[in-house]
Structure formats: structure tokens, C-alpha cells
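Trainee: Before I ask anything, here is the structure I am working with.
6 protein chains.
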Amino acid sequence: MNTRILGENNLVINRFFNLDGRAYEGGALSVKTKELLGLVASLVLRCDDCITYHIVRCAEEGVSRDEIFETLSIGLIVGGSIVIPHLRRAVDRWDDCERMRQAQA
Amino acid sequence: MNTRILGENNLVINRFFNLDGRAYEGGALSVKTKELLGLVASLVLRCDDCITYHIVRCAEEGVSRDEIFETLSIGLIVGGSIVIPHLRRAVDRWDDCERMRQAQA
Amino acid sequence: MNTRILGENNLVINRFFNLDGRAYEGGALSVKTKELLGLVASLVLRCDDCITYHIVRCAEEGVSRDEIFETLSIGLIVGGSIVIPHLRRAVDRWDDCERMRQAQA
Amino acid sequence: MNTRILGENNLVINRFFNLDGRAYEGGALSVKTKELLGLVASLVLRCDDCITYHIVRCAEEGVSRDEIFETLSIGLIVGGSIVIPHLRRAVDRWDDCERMRQAQA
Amino acid sequence: MNTRILGENNLVINRFFNLDGRAYEGGALSVKTKELLGLVASLVLRCDDCITYHIVRCAEEGVSRDEIFETLSIGLIVGGSIVIPHLRRAVDRWDDCERMRQAQA
Amino acid sequence: MNTRILGENNLVINRFFNLDGRAYEGGALSVKTKELLGLVASLVLRCDDCITYHIVRCAEEGVSRDEIFETLSIGLIVGGSIVIPHLRRAVDRWDDCERMRQAQA
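Protein chains in written order, with UniProt numbering: chain X, 1 to 105; chain Z, 1 to 105; chain Y, 1 to 105; chain R, 1 to 105; chain B, 1 to 105; chain G, 1 to 105.
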């Protein structure tokens with residue numbers, strides 16, 4: 001789908017997609033910290049697709065289970081009970097990632 | 001104002017205020033990382049008072065200027081141009097914090 | 001300002017303003033309950049002007065201080081810490097209303 | 001899923017879940033009124049899972065069909081046409097609840 | 001479903017649904033421009049059902065593919081990466097509309 | 001303030017600011033239509049600074065008073081009564097623009 005959108009050659013959309021990737025590259029903050037920032041932002045804005053993306057990226061960056069739960073707990077406090085359904089799905093995604101990691105080990 | 005609200009003895013509000021403090025205590029993640037999470041969540045939800053609070057806490061925890069700007073950049077990418085007025089005020093607050101730190105040195 | 005807007009004779013805006021008034025009229029639910037619904041909706045959506053409006057209307061409808069705090073506590077749980085600055089201003093407005101009521105007594 | 005999350009023993013998340021339950025207990029406001037407040041807050045924040053939860057709780061507390069529609073109408077006025085898809089699903093859930101009540105009678 | 005809701009005879013809901021239709025009628029602005037306004041508003045508020053509705057209406061009003069993408073690009077810039085999953089589904093809906101138009105030609 | 005932020009040389013922020021400008025350049029849609037899209041998006045997301053910016057830009061692009069009110073009416077229908085305080089300030093800003101235009105004539 002991204003290929004289809006980028007193939008449209010809309011300058012603003014294409015540059016935005018590129019910039020979206022650049023924002024999470026390591027710098028003064030590590031890639032791992034930036035993915036946690038992306039995760040908490042996605043949680044309080046309640047976007048399941050974005051949460052799933054950052055959960056997977058966090059797993060790839062070696063984030064621990066406790067770090068995920070502490071990040072989710074901040075999103076819960078900031079965003080309130082309205083984020084609970086998304087927090088549940090985030091935990092579900094995280095458990096999937098852990099299962100895959102164990103299957104590969 | 002917080003004292004006035006807590007003095008009301010509403011169990012839910014008082015426990016929430018207490019829990020809000022606990023969420024940012026160090027654990028698997030450092031206090032500093034948690035404040036950055038609080039900052040980016042406040043930025044994408046566009047709450048100036050919350051942004052100011054976390055900017056001040058970040059300064060107290062020794063966050064660097066580059067780390068602040070990278071955190072703000074993720075909030076900007078996730079939240080879009082609608083966060084720009086809040087990003088401007090965040091930078092203004094951060095500059096105040098740096099000036100105060102220099103005046104104290 | 002409302003007069004100026006209504007004088008513009010934009011059919012959609014004028015009918016919406018009229019409908020906005022109708023929604024809070026008593027029916028199966030009392031006017032008082034409807035104002036509490038308007039208050040909690042305004043709190044979780046974090047609109048200070050709307051909160052002030054419904055706080056004043058609640059005071060006019062004889063809502064008690066405990067009822068206000070319980071309504072605010074539900075808004076706080078649902079909406080999270082991001083509503084705290086608005087909750088503070090709501091309490092401030094409510095205290096103003098109580099002082100005016102006492103001054104008139 | 002809740003058991004799995006609570007079993008994680010994250011203090012902030014566990015206390016929040018507990019507090020979320022306490023917020024809807026009867027006090028100065030009845031349980032029924034508090035569920036209506038939860039419903040309208042969920043509607044304007046557009047969370048289908050939360051709406052379903054409060055619709056079911058409202059049915060359990062004996063809320064009438066007219067009271068539900070008046071609550072939804074306030075959510076619609078406050079939140080605008082963007083809540084219409086959620087209002088439709090809320091009515092669908094409510095109709096399910098009524099059918100179950102009739103099947104049990 | 002709309003018939004079922006309208007049959008309930010809740011004055012506020014019924015008048016709102018009527019007004020919602022009136023808002024997109026041609027006036028100083030064309031129907032086409034108004035549908036683009038409805039589309040961008042739905043995109044930044046991230047409501048898939050509303051986006052689908054306005055995408056279909058835009059196709060009916062003869063909006064071009066480039067006009068759709070430029071509208072989506074403004075929604076993306078204003079609303080940030082959090083709208084990307086909805087932008088993807090919007091493009092998917094638009095492609096469906098184009099396919100149907102070609103099948104009918 | 002923008003100069004201060006851009007001087008920071010954060011690649012993501014600087015490119016985003018540049019892209020934000022590009023999004024409103026004329027293309028398949030006119031600059032005027034794009035400014036109306038920016039206005040309605042800012043209204044439903046309830047950002048006064050963004051609304052003011054697009055109101056001024058609309059005035060510069062020769063948008064008529066009726067076109068502004070029709071755009072605001074769509075924002076009101078989509079976003080609900082919660083946008084009313086922002087709609088009032090938008091009308092206020094528009095009236096300022098018209099007065100300035102008349103003073104210059």
C-alpha cells in the first residue's frame with residue numbers, strides 16, 4: 001500500500017513518509033528511546049495500527065517487558081481509561097512478539 | 001489549588017493525583033526517560049500546562065537541549081502541524097529553564 | 001458575539017445553535033442530569049469555555065458540591081491526567097459560583 | 001486479558017484499574033447517573049469498546065430507552081457528526097441488550 | 001440503521017441528522033468543495049466511516065485523483081503520522097471508486 | 001520564534017516546517033481551496049493559533065464572508081458544540097481582517 005501511495009508522486013505525502021522514517025533514527029536519543037516515545041504518543045492518541053508498529057519496533061530494539069509496561073502505564077495515566085482497550089491490544093501484540101522471539105531461539 | 005482539590009477528600013481524585021506522581025518514579029526506565037515520555041504525550045495531546053510541567057521536570061533531570069528537540073520532533077511528526085503552536089511554547093519554556101540554570105551558575 | 005453570528009443568517013449555524021439549546025431541556029432525564037452530562041463531555045474534550053458554561057448552569061440547577069466533584073472524578077478517570085489543568089479551572093469556577101450564591105444569601 | 005495485565009504487577013496499571021472501578025460506585029450521584037456520564041464521555045471520545053461497556057452497564061442499572069437516546073443526543077451535539085458511526089453502534093448494542101432482557105423475561 | 005434511529009423520534013438527533021445533510025448543499029461554496037472540507041475534517045479526526053462516506057461523495061461529484069491526494073496531503077500535514085493508517089484506507093476506498101467508475105464505463 | 005526553532009538545525013523539525021509551507025501551494029486545488037481545507041481542519045481540531053493563521057491567509061486569498069461562514073458551518077457540524085468557542089474567535093478574527101481591508105481601501 002505504501003508503494004502505491006508513494007507511486008502517486010505527491011511531493012508532500014512522499015516527503016512526509018520519508019521524514020517519518022528519519023524522526024526515529026538515533027541521535028542524542030537512542031533508537032530505542034525514540035520508539036518508546038512513538039509508542040506512548042500512539043497510545044494516548046489511540047491508534048491501534050501505530051501502536052502495533054511501535055510495539056514491533058520496540059521488540060526489534062530489545063526493549064524489555066518491564067520497560068513496555070512502564071511506558072504503557074504512563075500512557076494510561078496521561079490518557080485515562082479511554083486508552084484501556086488499546087493498552088489491552090498493545091499487550092496482546094507484545095505477547096505475540098515475545099512468542100515469536102522464543103520460537104526463533 | 002492542588003491542596004484545595006485534595007482537601008475535598010474525593011477518593012478517586014486524590015488517589016489519581018497520587019498515582020500520577022508514582023507513574024514517573026524510576027523503575028525499569030529512568031526518571032529522565034519517563035519525563036520525556038510525559039513530554040511527548042503532552043505535546044501530541046496539545047496541553048500547554050502539561051508541556052510546561054514536563055519541560056521543567058526534564059530540565060531538573062538534566063535532559064540536554066538536543067534531547068528536548070528530538071523529543072519535540074517526534075511529537076511534531078506524530079501529531080502534525082496542529083502541535084506547532086505548542087512546540088513553540090515548549091521551546092520558549094525550555095529557553096527560560098536554560099536561562100535560569102545559567103543565572104544560578 | 002452570538003447575536004453577531006446569528007445575524008449572519010447561516011442556516012446551518014443558526015439551527016445548530018438552536019438545537020444546542022434544545023438538547024439540554026428536561027425530558028426523560030432532568031435538566032440537572034443533562035448539565036452534568038454536558039460538563040463531563042466538556043471536561044474529557046478539554047474545552048475551558050464549555051466547562052465554565054456547564055459549571056455555571058449546574059450551579060443554577062442546584063447541583064451540590066459533592067455531585068460536581070464526583071462528575072469531575074469520572075472525567076478525570078476517563079480522560080486521564082491531561083484533563084487536570086481543566087479540572088483545576090473547573091473547581092475554580094465552581095468556587096466562584098458558591099461565593100456568589102453566598103453573597104446573594 | 002485483564003487478569004493477564006493485572007498479573008504483571010505493574011503498580012500504576014493495577015491501581016488505575018482498581019480506581020476505574022471505584023469511580024462508578026454510588027455516592028452523591030447514583031450508579032445509574034455515573035454510568036450515563038461514562039457513556040457520554042466514551043461517546044464524545046469515540047471509543048466503541050468503552051461505549052459498549054457502559055451501554056451494557058446502563059442496561060443492568062435499569063436505564064430506559066429514552067434516557068439512553070437523550071444521553072446519546074447530548075453526545076451528538078457536543079461531539080458533532082464525527083460521533084455518528086459510534087452512535088449507530090451504541091444503538092445496535094442497546095437493541096441487543098433489550099432483546100436479551102426480553103428473552104430472559 | 002439510520003431509519004431505526006430516526007424512527008425513535010428523538011428531536012435533537014433527528015434535527016441533527018437533517019442539518020448534517022443541509023451543511024453539504026451548494027451555496028457560496030460548491031458541493032464538491034464542501035465534500036473536500038468534509039473529507040479533510042474526517043481525516044484529521046481519524047474516523048474511517050466518515051472518510052469512506054466523503055470519499056464516495058467526492059467520486060460522485062467528479063473530484064479528480066490529484067485533488068483527492070492534495071486534500072489527503074493537507075490532512076496528513078495538519079494531523080501528522082497518526083493519520084497515516086486512515087490515509088491508507090482512504091486511498092483504498094478511492095481506488096475502489098475508480099474501479100467501479102471504469103467498470104460502469 | 002520560528003527563526004529560533006529553525007536555527008536549532010533539527011533536521012526533522014526544519015523539513016517539517018518547509019513541508020508545511022509546500023502543502024498549501026496551488027496545484028490541482030487552488031491556494032484558496034487549500035486554505036479553506038486548512039481552516040476547517042484547524043477548527044475541528046480546535047487550535048486557535050492555527051485558525052487565526054488560516055483566517056488571515058483566507059482573507060489574503062480573497063475568500064468571501066459567505067465562504068468563510070459555510071466553511072465554519074461544516075466544521076461546526078463535523079466537530080459539534082465543542083468547537084463553538086473557537087468558531088466565535090474565528091469570526092472575531094475574520095471581522096478584524098475585514099476592518100483592516102476597509103481601512104486600507
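Positions of the beta carbon are idealized from the N, C-alpha and C atoms, including for glycine. Since the structure is predicted, the reported quantities are computational estimates derived from the model, not experimental observations.
Which runs of the alpha helix (DSSP H), 4 residues or longer, sit entirely within the UniProt domain "Carboxymuconolactone decarboxylase-like" (15-92) of chain Z?
Mentor: Complete alpha helix (DSSP H) runs here, min 4: 31-44, 48-60 and 65-79.
Trainee: Going by beta-carbon coordinates alone, are I55(Z) and C97(Z) separated by less than 8 Å?
Mentor: Yes.
Trainee: My understanding is that H86(R) touches D48(R), with C-beta atoms under 8 Å, so please give their C-beta distance in whole angstroms.
Mentor: So it is a contact: roughly 6 Å between Cβ atoms.
Trainee: Are the C-beta atoms of F17(R) and some chain Z residue less than 8 Å apart?
Mentor: Not one chain Z Cβ lies under 8 Å of F17(R).
Trainee: Determine, for I77(Y), whether the minimum Cβ-Cβ distance to residues of chain X falls below 8 Å.
Mentor: Yes, contact with chain X.
Trainee: For E67(Z), count neighbouring Cβ atoms within 10 angstroms of its own Cβ and tell me buried if that reaches 16, exposed if not.
Mentor: Looking at its Cβ environment, which holds 16 or more other Cβ atoms inside 10 Å, E67(Z) is buried.
Trainee: Between the region 3-15 of chain G and the region 71-80 of chain X, do at least 3 Cβ pairs fall closer than 8 Å?
Mentor: The answer is no - the region 71-80 of chain X does not touch the region 3-15 of chain G, with fewer than three Cβ pairs under 8 Å.
Trainee: So, using beta-carbon positions, are V44(Z) and T71(Z) closer together than 8 Å?
Mentor: Not a contact, by the Cβ cut-off of 8 Å.
Trainee: Is it a yes or a no for the region 15-30 of chain G touching the region 10-25 of chain Z, going by three-plus beta-carbon pairs under 8 Å?
Mentor: Counting Cβ pairs under 8 Å, fewer than three are found: no touch.
Trainee: Could you tell me the distance, in whole angstroms, from the CA atom of V91(Y) to the CA atom of E8(Z)?
Mentor: If you take the alpha carbons of V91(Y) and E8(Z), they lie about 10 Å apart.
Trainee: Of all the CB atoms in chain Z, is at least one closer than 8 Å to the CB of I13(Y)?
Mentor: So no, I13(Y) is outside the interface.
Trainee: Just verifying my parser: in three-state terms, what is the DSSP assignment at A105(Z)?
Mentor: It is coil, neither helix nor strand.
Trainee: Look at the alpha carbon of N18(R) and the alpha carbon of T33(R), and state the distance between them as a whole number of angstroms.
Mentor: So the alpha carbons of these two residues sit roughly 20 Å apart.
Trainee: Given a cut-off of 8 Å on the beta-carbon distance, is the pair S73(B) and N10(X) in contact?
Mentor: Yes, they are a contact pair.
Trainee: Pull up the distance between the alpha-carbon of R99(X) and that of S64(G), whole angstroms please.
Mentor: Near 60 Å, if we compare the C-alpha coordinates of S64(G) and R99(X).
Trainee: Is there a Cβ from chain X that is less than 8 Å from the Cβ of I51(Y)?
Mentor: No, I51(Y) does not count as interfacial toward chain X.
Trainee: For N14(G), collect the residues of the same chain with a Cβ closer than 6 Å to its Cβ; drop the 5 residues on either side in sequence, then sort them by chain order.
Mentor: Closer than 6 Å at the Cβ level, and outside the excluded window around N14(G), lie L6.
Trainee: Please name the residue in R46(Y), E35(Y) and A103(Y) whose C-alpha comes closest to that of I82(G).
Mentor: The shortest C-alpha separation from I82(G) is found at R46(Y).
Trainee: Find the residues of chain B that neighbour A23(Y), judging by a C-beta separation of less than 8 Å, and give them in chain order.
Mentor: Those are V12, listed as they occur along chain B.
Trainee: Residues in the same chain with beta-carbon distance under 6 Å from R57(X), minus the five sequence neighbours each way, listed in chain order, please.
Mentor: Counting only Cβ-Cβ distances below 6 Å, and skipping sequence neighbours, we find E35.
Trainee: If you reduce the DSSP assignment to three classes, tell me which class N10(B) lands in.
Mentor: Reduced to three states, the DSSP call for N10(B) is coil.
Trainee: Excluding the 5 residues flanking residue 118(G) on each side, which residues of the same chain have their C-beta closer than 6 Å to its C-beta?
Mentor: Examination of residue 118(G) is not possible in this model, given that chain G is present from 1 through 105 alone.
Trainee: Grab me the residues of A103(Y)'s own chain with a C-beta within less than 7 Å of its C-beta, minus the 5 sequence neighbours each way, in chain order.
Mentor: Excluding positions up to five away in sequence, the list is empty.
Trainee: Out of R101(B), D95(B), W94(B) and F69(B), point me to the one whose CA is closest to C29(G)'s CA.
Mentor: According to the sequence displayed, residue 29(G) carries Leu and not Cys. The option with the nearest alpha carbon to L29(G) is F69(B).
Trainee: Can you give me the C-alpha to C-alpha distance between F16(Z) and I84(Y), rounded to a whole angstrom?
Mentor: Their backbone Cα atoms lie some 10 Å apart in a straight line.
Trainee: Apart from the five residues on each side of it in sequence, which residues of its chain come closer than 7 Å, Cβ to Cβ, to residue 113(Y)?
Mentor: One cannot answer for residue 113(Y) here, as it falls past the ends of chain Y, which runs 1 to 105.
Trainee: Could one say the Cβ of C47(B) lies closer than 8 Å to chain R's Cβ atoms, at least one of them?
Mentor: It does: the Cβ of C47(B) has a partner Cβ on chain R nearer than 8 Å.
Trainee: Assign M1(Z) to one of three DSSP states: helix, strand, or coil.
Mentor: Coil at M1(Z), not helix or strand.
Trainee: Give me the chain X residues within the contact set of S73(Z), using Cβ-Cβ distance strictly less than 7 Å, ordered along the chain.
Mentor: Here the neighbours are A23.
Trainee: Strictly below 7 Å CB to CB, what residues from chain G border G80(R)?
Mentor: The contacting residues are I77, V78, G79 and G80.
Trainee: Interface residues of chain Y around E8(Z) at Cβ under 7 Å?
Mentor: Here the neighbours are F69.
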